[in-house]
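Colleague: Going by this note's numbering, the first sequence opens with residue 85, and the numbers climb by one from there. Quick one: the structure is below, and I'll ask about it shortly.
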Amino acid sequence: MKNQELAKIFYEIADYLEMEGVAFKPYAYRKAADTLESLEEDIAEIYKNKGKKGFEGLPGIGKGITKAIEEYLKTGKIRIHQQLKKKTPINLGEMSAVEGMGVKKAQKLYQKLGIRNLKELEKAARAHKIAPLFGFGEKTEKNILEGIKFLKRSKGRFLLGDILPIAREVQSKLGELKEVEQVNFSGSLRRMKETIGDVDFLVISKNPVKVMDFFVSLPGVVKIWAKGNTKASVRMAAGFDMDIRVVPHKSFGSALQYFTGSKEHNIATRRIAISRGLKLNEYGLFRGKKLVAGQTEEGVYKALGMKWMEPELRENQGEIEAALENKLPKIIGYQNIQGNLHCHSDWSDGKQTIKEMAVAAKALGHEYLGISDHAKLPIANGLNEKRFIRQMGEIDKLNKKITGIKLLKGAEVNILENGSLDIKDEVLKKFDYVIAGVHSRFKMGKEQMTERIVKAMENPYVNIIAHLTGRKIGERDESQIDLDKILRAAKEYNVILEINAQPIRLDLKDVNIRKAKEAGVKMIINTDAHNKNHLKFMEFGIAQARRGWAEKKDIINCYHLKQLLKFLK
DNA sequence: GCCGTTTTCGGCCCGACTGTTTTCAGTCG
Numbered sequence: 085m086k087n088q089e090l091a092k093i094f095y096e097i098a099d100y101l102e103m104e105g106v107a108f109k110p111y112a113y114r115k116a117a118d119t120l121e122s123l124e125e126d127i128a129e130i131y132k133n134k135g136k137k138g139f140e141g142l143p144g145i146g147k148g149i150t151k152a153i154e155e156y157l158k159t160g161k162i163r164i165h166q167q168l169k170k171k172t173p174i175n176l177g178e179m180s181a182v183e184g185m186g187v188k189k190a191q192k193l194y195q196k197l198g199i200r201n202l203k204e205l206e207k208a209a210r211a212h213k214i215a216p217l218f219g220f221g222e223k224t225e226k227n228i229l230e231g232i233k234f235l236k237r238s239k240g241r242f243l244l245g246d247i248l249p250i251a252r253e254v255q256s257k258l259g260e261l262k263e264v265e266q267v268n269f270s271g272s273l274r275r276m277k278e279t280i281g282d283v284d285f286l287v288i289s290k291n292p293v294k295v296m297d298f299f300v301s302l303p304g305v306v307k308i309w310a311k312g313n314t315k316a317s318v319r320m321a322a323g324f325d326m327d328i329r330v331v332p333h334k335s336f337g338s339a340l341q342y343f344t345g346s347k348e349h350n351i352a353t354r355r356i357a358i359s360r361g362l363k364l365n366e367y368g369l370f371r372g373k374k375l376v377a378g379q380t381e382e383g384v385y386k387a388l389g390m391k392w393m394e395p396e397l398r399e400n401q402g403e404i405e406a407a408l409e410n411k412l413p414k415i416i417g418y419q420n421i422q423g424n425l426h427c428h429s430d431w432s433d434g435k436q437t438i439k440e441m442a443v444a445a446k447a448l449g450h451e452y453l454g455i456s457d458h459a460k461l462p463i464a465n466g467l468n469e470k471r472f473i474r475q476m477g478e479i480d481k482l483n484k485k486i487t488g489i490k491l492l493k494g495a496e497v498n499i500l501e502n503g504s505l506d507i508k509d510e511v512l513k514k515f516d517y518v519i520a521g522v523h524s525r526f527k528m529g530k531e532q533m534t535e536r537i538v539k540a541m542e543n544p545y546v547n548i549i550a551h552l553t554g555r556k557i558g559e560r561d562e563s564q565i566d567l568d569k570i571l572r573a574a575k576e577y578n579v580i581l582e583i584n585a586q587p588i589r590l591d592l593k594d595v596n597i598r599k600a601k602e603a604g605v606k607m608i609i610n611t612d613a614h615n616k617n618h619l620k621f622m623e624f625g626i627a628q629a630r631r632g633w634a635e636k637k638d639i640i641n642c643y644h645l646k647q648l649l650k651f652l653k
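See below:
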């Protein structure tokens, strides 16, 4: 797939052009790179089948970029890129990853000192060669060294599941300050993105300085990147950054809208503002100097001709158009889930007994809990047919003893290499439902993997396919699959696709959820809990479903027990 | 270089903080 390669080159061209002080073209190249990055089909395939006509209608790809793509597909290179690189042969990505270092500084350092990469940058800073340069200074040199130090320790993006609890804790600490009237987090965290770069807080306060002082002295702060009267930024010991912004009451809505993003969503909303003769910034929506809206997000969107929309939708993936036409989806709410069909007990690799899991699920207000221990996986102490039958007996007994929650008999069986299952049909038919999942050979070819999963779906006793692509964020890539084919099979055989709520899985991911929904395929949000605390992962699965525009009717564990059982039959 | 509910030409999102060139460019979100 050439899309990512090309996107990378266009981003680089954009950086170089910015370095040269060229106006607006960098924006154009980045826009084209964004388009390529999120493009599903292979650009090379499109070109092969339809020629450059196939690029028509792709946003941000016009005459010039089309030519560049053509050049790359034919020669493997883009001349302008080569020329720019030759002129300033530096590792821009590496250099500009250092906090405070952008393209201009990188260019100067190359021109004056010949610095091309991080290693040379560190060496020069240590030898105090940077401070005397025109435009640089002692502080800049020190910041470069600190930036490099933090860069080496930082882990990039963090899992939503790891960050959200920390952010909530900080939020409640800030909320306890008497100077703080209101505090929210914003950014990708409020949009519940699966990975988070940094945490952004937004505060209403009449005494911002006090809030700033408190914020930069929070436990865990190891570096203060910036601290002003209304804005501060810190690095936490865990390796991520936190930003805070204080705004007046009358601007809270526009500030929340602005800092929630996404960036693309903001650019789009600001364009709409401009087209209506308005200006949108974090302080409000203005006509000339007159404040039109700002206190609430609802007011801002309304003044732009839109209904308020859930933060999870704000990715400029059609939500703005939908809002303008009053066609926003009514996405699933965080309180709509009635139960959970994927969890493990100490019969396989879970930590708790079935009863303990049931009690914990009941405490969360669930109406039913499906026990779905592993089949036959040796590393997971998986069950064979005999043990499954015994477990069913135990679940029957527990159902008579426990009130307030119904236990369902399930299993997570393995889809073997050839698509068959590792538990016999005569036992499969005794379960209330069967989950099938791939747990081995994740790297087989796309066609083979697709066939493997489709074959499992054909089994009449399979209700749910677990964690479809097998990805583990930051650890294991998605298996290659033909999603369209799988969605067609799911529809045909009435198989439900799981949205696995484990923060490291979130599989189906948002864009796949949206495709499943559009294909009319039902989904279920499951925690895949291996201990009772994991039952709380449900929130992350719901978030992912919301990001995928899923509605209540798309998600079968929004059903009450009776309706669910009818559906599973 | 791209694009059009004002436009095929003339725009392209907007503001805070830092450090240094002491008035603002560079960087970031």
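Where a beta carbon is used, it is the ideal one built from N, C-alpha and C, also for glycine.
Using three-state DSSP, classify Y367 as helix, strand or coil.
Modeller: coil
Colleague: Once you ignore the five residues that flank Y545 on each side, which residues in its own chain have a CB closer than 7 Å to its CB?
Modeller: D509, L512, K513 and V518
Colleague: Give the straight-line distance between the Cα atoms of Q419 and H523, rounded to the nearest whole angstrom.
Modeller: 31 Å
Colleague: Residues in the same chain with beta-carbon distance under 6 Å from N615, minus the five sequence neighbours each way, listed in chain order, please.
Modeller: K435 and Q436
Colleague: For my contact list, L552 and D591 are in at a C-beta cut-off of 8 Å; report their separation, rounded to the angstrom.
Modeller: 6 Å
Colleague: According to DSSP, is V511 part of a helix, a strand, or is it coil?
Modeller: helix
Colleague: Could you give the C-beta distance for L193 and D99, rounded to a whole number, given that I count them as a contact under 8 Å?
Modeller: With a Cβ gap of about 15 Å, L193 and D99 do not count as contacting.
Colleague: Give me the residue from A321, R555, S429 and E559 with the minimum Cα distance to R237.
Modeller: A321
Colleague: Counting along the chain, where does the beta strand (DSSP E) carrying Y452 start and finish?
Modeller: Y452 to H458
Colleague: For my contact list, F269 and D246 are in at a C-beta cut-off of 8 Å; report their separation, rounded to the angstrom.
Modeller: Their Cβ separation, rounded to whole angstroms, is 15 Å, which puts F269 and D246 out of contact at 8 Å.
Colleague: Alpha carbon to alpha carbon, what distance is there between I356 and Y111?
Modeller: 18 Å
Colleague: On the DSSP letters alone, give me the boundaries of the beta strand (DSSP E) that I609 sits inside.
Modeller: M607 to N610
Colleague: Does the segment 293–300 come into contact with the segment 257–272, if we say contact requires no fewer than three beta-carbon pairs (one atom in each stretch) closer than 8 Å?
Modeller: Touching, yes, given that three or more Cβ pairs across the two stretches are closer than 8 Å.
Colleague: Apart from the five residues on each side of it in sequence, which residues of its chain come closer than 8 Å, Cβ to Cβ, to R329?
Modeller: D284, F285, L286, V287, T314, K315, A339, F343 and E366
Colleague: Enumerate in chain order the residues of its own chain whose CB-to-CB distance from G529 is below 8 Å, with the five nearest sequence positions on each side excluded.
Modeller: Q564
Colleague: Since A550 and E496 should fall inside the 8 Å C-beta cutoff, what is the C-beta to C-beta distance between them, to a whole number of angstroms?
Modeller: Contact between A550 and E496 is confirmed by a C-beta separation of about 6 Å, below the 8 Å threshold.
Colleague: Residues in the same chain with beta-carbon distance under 7 Å from K575, minus the five sequence neighbours each way, listed in chain order, please.
Modeller: A603, G604 and V605
Colleague: Using the Cα positions of L408 and R360, report the straight-line distance between them to the nearest angstrom.
Modeller: 13 Å
Colleague: Is the beta carbon of L364 closer than 8 Å to that of T380?
Modeller: For T380 and L364, no; Cβs fall outside 8 Å.
Colleague: Can K136 and E154 be called in contact, C-beta distance under 8 Å?
Modeller: yes
Colleague: Just to confirm the assignment: which complete beta strand (DSSP E) runs, minimum length 3, are found wholly within the segment 562–616?
Modeller: Correct list: 580–584 and 607–610.
Colleague: Among the candidates I145, K115, I280 and A613, whose CA atom is the shortest distance from the CA of S432?
Modeller: A613
Colleague: Once the 5 residues before and after W309 are set aside, which same chain residues still bring their CB inside 6 Å of it?
Modeller: Here the set comprises S317.
Colleague: Within the segment 397–459, note down every full alpha helix (DSSP H) run reaching 4 residues or more, in order along the chain.
Modeller: Entirely contained in the segment 397–459, the alpha helix (DSSP H) runs reaching 4 residues are, in chain order, 403–408 and 438–447.
Colleague: Per DSSP, E496 is paired with what?
Modeller: H458 and I519
Colleague: Out of Y113, V293, Y452 and G554, point me to the one whose CA is closest to P143's CA.
Modeller: Y113
Colleague: Return the chain-ordered list of same chain residues with a C-beta closer than 7 Å to the C-beta of K446, the five sequence neighbours on each side being excluded.
Modeller: G488 and I489
Colleague: Can you give me the start and stop residues for the beta strand (DSSP E) that F269 sits inside?
Modeller: V264 to F269
Colleague: Can you tell me the Cα-Cα spacing of F324 and R630, whole angstroms?
Modeller: 25 Å
Colleague: How would you call H426, buried or exposed, if buried means at least 16 neighbouring beta carbons within 10 angstroms?
Modeller: buried
Colleague: Exposed or buried, which one is F94 when buried takes at least 16 other CB atoms within 10 Å?
Modeller: A residue is called buried once 16 or more other Cβ atoms fall within 10 Å of its Cβ, and F94 is buried on that count.
Colleague: For K311, report the span of its beta strand (DSSP E) as first-last.
Modeller: V305 to K311
Colleague: Which same chain residues end up closer than 7 Å to M476 when comparing Cβ atoms and leaving out the 5 residues on each side of it in sequence?
Modeller: K493 and K514
Colleague: Between which two residues does the alpha helix (DSSP H) containing I247 stretch?
Modeller: First-last of the alpha helix (DSSP H) with I247: L244 to E260.
Colleague: Tell me whether I463 is buried or exposed, calling it buried when 16 or more other Cβ atoms sit within 10 Å of its Cβ.
Modeller: It is exposed - the Cβ of I463 has fewer than 16 other Cβ atoms within 10 Å.
Colleague: Are L157 and A128 close, meaning C-beta to C-beta below 8 Å?
Modeller: yes
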